[in-house]
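Undergrad: Sharing a structure, written as structure tokens. Questions coming.
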Amino acid sequence: MNKVKMASEKSVTNNSRIVSLLAQLEKINADCLVDADNARYVTSKILHLAQSQEKIKKDMMAKGSTGIEVILSTLENTRDLQTTINILNILLELVAVGGNRRTSVLVSRGGTQILLQLLVNASKESPPNEELMVLLHSLLAKVGPKDRKFGVKARINGALNITLNIVKQNLQNQKLILPCLQLVRVYSTNSVNAVSLGKNGVVELIFKIIGPFSKKNTGLMKVALDTLAALLKSRTNARRAVDRGYVQMLLTIYVDWHRHDSRHRHMLIRKGILQAIKSVTNIKLGRKAFLDVNGMKILYNTSQECLAVRTLDPLVNTSSLIMRKCYPKNRLPLPTIKSAFHFQLPIIPVNGPVYQLYSLPPEVDDVVDESDDNDDTETESEIENDNEEDFDQNFKNDDIETDINKLKPKHELGRPFEDLKMYEQFFPEFTEEFQECDLVSKEPKPLSTNITQGGPIVVPTAGVEQSPVNHAIEIPMKETHQTEDCNKRPIFLGLVKNDNSTDNIPQQQGDQMNLLPSCQCLNHEIIKDFDKISLQNTSKNEQSYTSKVTTKKECKSSHSEITCNKSFQHVSSCGGVLFEGRSVQLGKLCCSGPDPEEEDVSCSVSVEEQVMPEVPDALQLHDPELYIEIVKNTKSVPEYSEVAYPDYFGHIPPPFKEPILERPYGVQRTKINQDIERLIHPNDIIDRVIYDLDNVSYPIPDEGDVLKFNSKFESGNLRKVIQIRKNEYDLILNSDINSNHYHQWFYFEVSGMRTGIAYRFNIINCEKTNSQFNYGMQPLMYSVQEALSGRPWWIRVGTDICYYKNHFSRSSVAAGGQKGKSYYTITFTINFQHKDDVCYFAYHYPYTYSALMMHLQKLESTHNPQQIYFRQDTLCETLSGNSCPIVTITAMPESNYYEHICQFRNRPYIFLSARVHPGETNSSWVMKGTLEYLMSNTPAAQNLRESYIFKIVPMLNPDGVINGNHRCSLSGEDLNRQWQNPNLDLHPTIYHAKGLLQYLAAIKRLPLVFCDYHGHSRKKNVFMYGCSIKETMWHTSAASCELVEDLGYRTLPKILSQTAPAFCMSSCSFVVEKSKESTARVVVWREIGVQRSYTMESTLCGCDQGKYKGLQIGTHELEEMGAKFCSGLLRLKRLTSPLEYNLPSTLFDIENELIESSCKVTSPTTYVLDEDEPRFLEEVDYSAESNDEPDVDLANNAADYEPSLQEDGLSDSEITRTHLP
């Protein structure tokens, strides 16, 4: 206790002493420093206290303290050398520990100018005092990085030449030139200073300091290399270094240090040499010089030798960056960047990228453009901007809309009402009298027994509380074009039921085969047990997949063993032409029998029997025969005549979880090294084209160990395949039709594989700068053999997955005038389970246009017309002549009494749309979940139908989906950027969808909610974008506290965050951006006047929060999200309807909490920009951005230049965030 008291008293004493000493120093200043001895004494005492007491330093720099002003004033006015040295030591002590904020305070008090002036004055003495110069340069080296005007101030004061002359005159004085070189490095961060120093010979000077391996002066060597790297960032200095042969000298020095530093004690020096090489290779001359002296092979070999030591990873990583940068840029091996398919537009846009594409002269080559690499001809852009802003402190995003007049909704129709009357036909509910309809009043009428009964409508992904009533309600099937015979179970499914006898199977089989002489009736019966499929209950699911294929002969093998003649594996279609008229063929069926080495007993199965897999009757909306019929009427630009087996068989969610993949350490580096080996060892590269849409006569490989590829089916996308090594293939995707970019979506078939081999696939022309493939996402694969064995599902596959910038680049023509735009590679390795299987790979779960039309027909044919009002119309025809469906769903009126008809007609509207971007297939799966929920027989779904009228456009871009586009329609434009001024001829689906909304606005029936379903490639979870004036203004300097805004736009997202496991409220944004002013969300909000106008984004990867944390997302979760969206609307109804006051209070508990929390908004939504999605916020792998990674050299310097904003530990987002008062 006494010790604590004594320490406290001592602290108080020291504090009073420093105050007293500062007061004395201030008095000495007032007396014009006539008492030099006293000043010397006082400053020495202050120095002693600062060196011994950390608290003293804090007090001197504390807010409100005048200590720093007194010290700086004394330094500026004194002429006594010892006093000056004392004060410089005091300042060094103040900024030594935790010096970021303290250094900033020193700069704000004018310390930089005082120190620079002192340097100028001290240099006039001959010779200058060495100790003074060491202290001055050390302090300036610490202060400089915190002063954004330091470069200008140093140049104006003439400090550059002073420091440079000291170095020239004291090359042997390590103590003096070390802080001088540190300061030269700080000078060089200003490009004008770097050029000036280079012209005065500083580069040549540094090469006199650095040299081969030596244990002497290693500290000086490290600082000199860091300074050299900073200087060589100037193109002028880099060219000077190349002209003098310094590239080879740097490589020679690096190899020498690499060989002699066997204990790796001088890794920082070795990295410093690499940083200098990295800087000089930023110019074309530097890269050429690097290649000419065999730099690729040197760095490759040295980096391979470093791989065994984990601590040498910085050297390996930097070497990799240099090699990738110097790898000669190649053009894609294509005749043109434009799509392999051409579609003639009815009219050509008057501007924009499509206009530019059509305006190119025929002789222009959009692949090769040698001018792209002529960066040395660019003018020297190293001009100092004297008005630089501190962007860290004054964050501003120019894309945020700041004009409040533009933010305020206009509520303008944009078209005359007479023109909008054409949309009356899509709203028959306004005039329907239901006089001839068989309506129910309170209880449903018994169903007729003479109508063919369908199975129960089961919605396993709805995720709502089931009523205790019987779920298996038998409902009448609506008559369709199909015959009753085709609705029978296909006998070759041969599914074994636990409670049924199979004695009658042979007779059924015979009947069925007589019905289907040339094709198979492929309808699936709805299975009652489908609702048992769950990610959480694997054992029960596995039991349901024990069905067997019934064959004409008794088969003694297991149910997964199906064989066929070996000759069949080469047939390109299953059973030849399946249909009369337009021929539609199934893709190549695998030789589905196990290898002779894998089985002892096999059985013969006919072609007809092999077509259908062993599938549980779970695909209640999937009908293969109906799918084929729809495909025959689907119009594609390439006129596809094949059907992919996954689309034909259908997909069910696998009965197991698929966790986000944990990436092995260094996998991306390994892949890049393998790419570099192509240049170092060119003789090992096969380089053979084995698939090419641009050349129909390409030779098809007949070797047994070469894979075969195909993408000639609906939604397929694969343009070219090149075999690189025996088991490695480069794949090139097709661009969107009438475009020369948007390469991301892929869907293709692979066959001819062998087991036990690791095949590497590289998709080499992706365009996005980062991807969730770097953070655990896997591509999807569908195995035909697995489907035939009762496992018809897409599964996440692949190892060693990564996404990185490669050495292929776009021409300036293809990149819209920008030079050097690189492509990116998705690479993954796959080991196939079955020999001679047929497998399909996709970017995400495919969902074709034909699948949508099939699902809509099945929903229409199986719904209960007594309860559900379902209507499907054609909104319009697309450019290629496909119909764009619009669906109306609500509840039938309770009766045809006037009150019930009025209630029916006055239900509020919900307007939903999806799939405007073809590559975002997850949006269609979410929409499927929404449709199934709305058509289900649960009390909650019935309540929802009685509450709203749903107008749904489930696929806004059918042509893009059909033809395998990633983002555009056949017009070559992003349809979600056309909502402001859609063109009837080029964007018919958007024109008419907007027309529907304009019509509703004209008759005063605005939708309560508008939501456009999308997919997101670079964020996890599901989230929403909405529109808010106030939250947008939060991100500007304009005052937003005076704005009054209804916070109802937050209610639905808040509800979903509480009820939907995959939904994440913290990822939602309600900011309106200039670049998004023509999107559906903003236009419907601003022009139509719908307050709750949203884009709902679903991840392509998985979730990092909630119930599905750590899991990749699947169709089960996506469909569940669609169902949860519906249940969220039901809760929203309870919150927004004034007529619900008589409901039990318990129903409002959660809703009231949500409303209260939504009204307590205290911070703006995080705003970021990138197409329809925020910028990827996860840490980018070192090589994902190739050579564009931020420089951290200053932070690693011995002078401790930490370029952080403050000392208090706040993140950048916390610094830039603005809080409401």
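Each residue of the sequence shown is one higher than the last, beginning at 1012 in this note's numbering.
Positions of the beta carbon are idealized from the N, C-alpha and C atoms, including for glycine.
This structure is a prediction, so every number in the text was calculated from the model and none was measured.
1) How would you label Cys2079, buried or exposed, when you count the other beta carbons within 10 angstroms and need 16 or more for buried?
2) Is it the case that the Cβ atoms of Pro1993 and Thr1889 are separated by a distance below 9 Å?
3) Compute the Euclidean distance between the alpha carbons of Leu1285 and Met1278, then round it to the nearest angstrom.
4) Run through the region 2038-2085 for me and flag every whole alpha helix (DSSP H) of 4 or more residues, listed as ranges in chain order.
5) Excluding the 5 residues preceding and the 5 following Leu1231 in the sequence, name in chain order all residues of the same chain whose CB lies nearer than 6 Å to its CB.
6) Which residues bound the beta strand (DSSP E) around Glu1736?
7) Would the beta-carbon of Tyr1770 fall within 9 Å of that of Asn1721?
8) Round the Cβ separation of Ile1806 and Pro1665 to the nearest angstrom and send it over; I've been treating them as touching at under 8 Å.
9) Just verifying my parser: in three-state terms, what is the DSSP assignment at Gln1883?
10) Counting Cβ pairs closer than 8 Å, one from the region 1959-1979 and one from the region 1890-1903, do we hit at least three?
11) Would you kindly work out how many angstroms separate the C-alpha atoms of Ile1711 and Lys1731, rounded to a whole number?
12) So, is Gln1404 buried or exposed, given that buried needs 16 or more other C-beta atoms within 10 angstroms?
13) First and last residue of the alpha helix (DSSP H) that includes Thr1229?
14) Counting only the same chain and skipping the five closest in sequence on each side, list residues whose C-beta sits under 6 Å from that of Val2020.
15) How far does the alpha helix (DSSP H) with Cys1317 in it extend, from its first residue to its last?
16) From this set, Leu2007, Ala1205 and Ser1980, which residue's C-alpha is nearest Asp1996's C-alpha?
17) Have a look at Ala1951, Met1946, Gly1162 and Leu2008 and flag the residue whose alpha-carbon is nearest the alpha-carbon of Leu1886.
18) Counting Cβ pairs, one atom from each stretch, are 3 or more of them under 8 Å apart for the region 2030-2045 and the region 2112-2122?
19) Apart from the five residues on each side of it in sequence, which residues of its chain come closer than 6 Å, Cβ to Cβ, to Gln1554?
20) Among Thr1901, Thr2062 and Asn1933, whose alpha-carbon lies nearest the alpha-carbon of Asn1948?
21) In terms of residues, what are the limits of the beta strand (DSSP E) holding Arg1771?
22) When DSSP labels each residue in this structure, what does Met2035 get in the three-state scheme?
23) Identify, in the order they occur along the chain, each residue of the same chain with its Cβ nearer than 6 Å to the Cβ of Arg1882, setting aside the five sequence neighbours on each side.
24) Going by CA-CA distance only, name the one from Gly2100, Leu1323 and Pro1339 that's closest to Lys1299.
25) In angstroms, rounded to a whole number, what distance separates the CA positions of Arg1112 and Val1154?
26) Going by DSSP, what residue range makes up the beta strand (DSSP E) through Ile1921?
27) Give the single residue among Lys1066, Gln1064, Val1116 and Asp1070 whose Cα lies nearest to the Cα of Leu1083.
28) By DSSP's criteria, Ala1853 is part of a beta bridge. Which residues make up the other side?
29) Using a threshold of 9 Å, state whether the C-beta atoms of Glu1955 and Leu1870 are closer than that.
30) Leaving out the 5 sequence neighbours to the left and right, which residues in its chain are closer than 7 Å to Ile1743 when beta-carbon positions are compared?
31) Residues in its own chain within less than 7 Å of Lys1421 by CB, not counting five upstream and five downstream?
32) Keeping to the same chain, check which residues put their C-beta closer than 7 Å to that of Glu1141; ignore five residues upstream and five downstream.
33) Tell me which same chain residues have a C-beta within less than 6 Å of the C-beta of Lys1244, skipping the five on either side of it?
34) By alpha-carbon positions, which one of Glu1725, Ile1264 and Phe1224 ends up nearest to Pro1649?
35) Given His1148, which residues of its chain have a CB within under 6 Å of its CB, disregarding the five upstream and five downstream residues?
36) Count the C-beta pairs between the region 1902-1911 and the region 1982-1992 that are closer than 8 Å, then say yes if the count reaches three, no if not.
TA: According to the structure data:
1) Against the sequence shown, residue 2079 aligns to sequence position 1068. Classification of Cys2079: buried, given that the 10 Å Cβ count is 16 or more.
2) If you number the sequence shown from 1, residue 1993 lands on position 982. If you number the sequence shown from 1, residue 1889 lands on position 878. Between Pro1993 and Thr1889, the gap from beta carbon to beta carbon reaches 9 Å or more.
3) Here residue 1285 corresponds to residue number 274 of the sequence shown, with the count starting at 1. Here residue 1278 corresponds to residue number 267 of the sequence shown, with the count starting at 1. Between Leu1285 and Met1278, the alpha-carbon positions lie close to 11 Å from each other.
4) Runs of the alpha helix (DSSP H) spanning 4 or more residues and lying entirely within the region 2038-2085 occur at 2040-2044 and 2062-2070, in chain order.
5) Working through the sequence shown from its first residue, we reach residue 1231 at position 220. Gln1185 and Leu1189.
6) Position 725 of the sequence shown, counting from 1, holds the residue named residue 1736. Here residue 1736 is Arg; the residue named in the question, Glu, does not match the sequence. Element bounds for Arg1736: Lys1731 to Arg1736.
7) Position 759 of the sequence shown holds residue 1770. Position 710 of the sequence shown holds residue 1721. With contacts defined by Cβ atoms closer than 9 Å, Tyr1770 and Asn1721 do not form a contacting pair.
8) To locate residue 1806, count along the sequence shown from 1; it is residue 795. To locate residue 1665, count along the sequence shown from 1; it is residue 654. Cβ-Cβ separation between Ile1806 and Pro1665: approximately 6 Å, consistent with a contact (criterion under 8 Å).
9) Taking the first residue of the sequence shown as position 1, residue 1883 is located at position 872. Strand.
10) Taking a contact to require three or more Cβ pairs closer than 8 Å, the region 1959-1979 and the region 1890-1903 qualify as touching.
11) In the sequence shown, counting from the first residue as 1, residue 1711 sits at position 700. In the sequence shown, counting from the first residue as 1, residue 1731 sits at position 720. Rounded to whole angstroms, Ile1711 to Lys1731 spans 13 Å at the Cα level.
12) The residue labelled residue 1404 in the question sits at position 393 within the sequence shown. Low local confidence applies: a pLDDT of 38 at Gln1404 is under 50, so the model's placement there is unreliable, and no value is given.
13) Within the sequence shown, the letter at position 218 stands for residue 1229. Boundaries of the alpha helix (DSSP H) around Thr1229: Thr1229 to Leu1242.
14) Taking the first residue of the sequence shown as 1, we reach residue 2020 at position 1009. Once the five neighbours on either side are set aside, the close Cβ partners of Val2020 are Ile1921 and Arg2103.
15) As a working note, residue 1317 is residue 306 in the sequence shown. For Cys1317, the uninterrupted alpha helix (DSSP H) segment begins and ends at Gly1306 to Cys1317.
16) Looking up residue 1996 in the sequence shown gives position 985. The residue among Leu2007, Ala1205 and Ser1980 with its C-alpha nearest the C-alpha of Asp1996 is Ser1980.
17) Locating residue 1886 in the sequence shown gives position 875, counting from the first residue. The residue with the shortest Cα to Cα distance from Leu1886 is Leu2008.
18) Under the three-pair Cβ rule at 8 Å, the region 2030-2045 counts as touching the region 2112-2122.
19) Position 543 of the sequence shown holds residue 1554. With a pLDDT of 36 at Gln1554, under the threshold of 50, the predicted position of this residue should be treated as unreliable, and no value is reported.
20) On the sequence shown, position 937 is the one that residue 1948 refers to. By alpha-carbon distance to Asn1948, the top candidate from Thr1901, Thr2062 and Asn1933 is Thr1901.
21) As a first step, residue 1771 must be located in the sequence shown, where it is residue number 760. Per DSSP, the unbroken beta strand (DSSP E) holding Arg1771 starts and ends at Ala1769 to Cys1777.
22) As a position in the sequence shown, residue 2035 is number 1024, starting the count at 1. Here DSSP, grouped into helix, strand and coil, assigns Met2035 to strand.
23) Stepping through the sequence shown from its first residue, residue 1882 is reached at position 871. Excluding sequence neighbours, Arg1882 sits near Thr1899.
24) As a position in the sequence shown, residue 1299 is number 288, starting the count at 1. Looking at the Cα atoms, Pro1339 is the closest of the given residues.
25) Walking along the sequence shown from the start, residue 1112 turns up at place 101. Walking along the sequence shown from the start, residue 1154 turns up at place 143. It is roughly 11 Å from the alpha-carbon of Arg1112 to the alpha-carbon of Val1154.
26) Walking along the sequence shown from the start, residue 1921 turns up at place 910. Start and end: Tyr1920 to Ala1925.
27) For the purposes of this step, residue 1083 is taken as residue 72 along the sequence shown, with counting starting at 1. Of the listed residues, the one whose Cα sits closest to Leu1083 is Val1116.
28) Along the sequence shown, one-based indexing puts residue 1853 at 842. For Ala1853, which the question treats as bridged, DSSP gives the partners Tyr1758 and Leu1791.
29) Position 944 of the sequence shown holds residue 1955. Position 859 of the sequence shown holds residue 1870. First, the residue type needs correcting, since residue 1955 is Leu and not Glu in the sequence shown. Against a cut-off of 9 Å, the Cβ pair of Leu1870 and Leu1955 comes out as no contact.
30) The residue given as residue 1743 occupies position 732 in the sequence shown. Once the five neighbours on either side are set aside, the close Cβ partners of Ile1743 are Leu1343, Leu1345, Arg1730, Lys1731, Ile1775 and Asn1776.
31) Looking up residue 1421 in the sequence shown gives position 410. For Lys1421, where only same-chain residues beyond five positions count, the Cβ hits under 7 Å are Arg2097 and Glu2098.
32) As a working note, residue 1141 is residue 130 in the sequence shown. The beta carbon of Glu1141 sits closer than 7 Å to the beta carbons of Leu1187 from its chain, once the five residues preceding and following it are set aside; these are given in chain order.
33) The residue you call residue 1244 lines up with position 233 of the sequence shown. The answer, listed in chain order, is Ser1290.
34) Locating residue 1649 in the sequence shown gives position 638, where the first residue counts as 1. Out of Glu1725, Ile1264 and Phe1224, Glu1725 has the C-alpha closest to the C-alpha of Pro1649.
35) Here residue 1148 is taken as the residue at index 137 of the sequence shown, counted from 1. Answer for His1148: Pro1190, Cys1191 and Leu1194, listed in chain order.
36) Judged by Cβ distances under 8 Å, the region 1902-1911 makes no contact with the region 1982-1992, as fewer than three pairs qualify.
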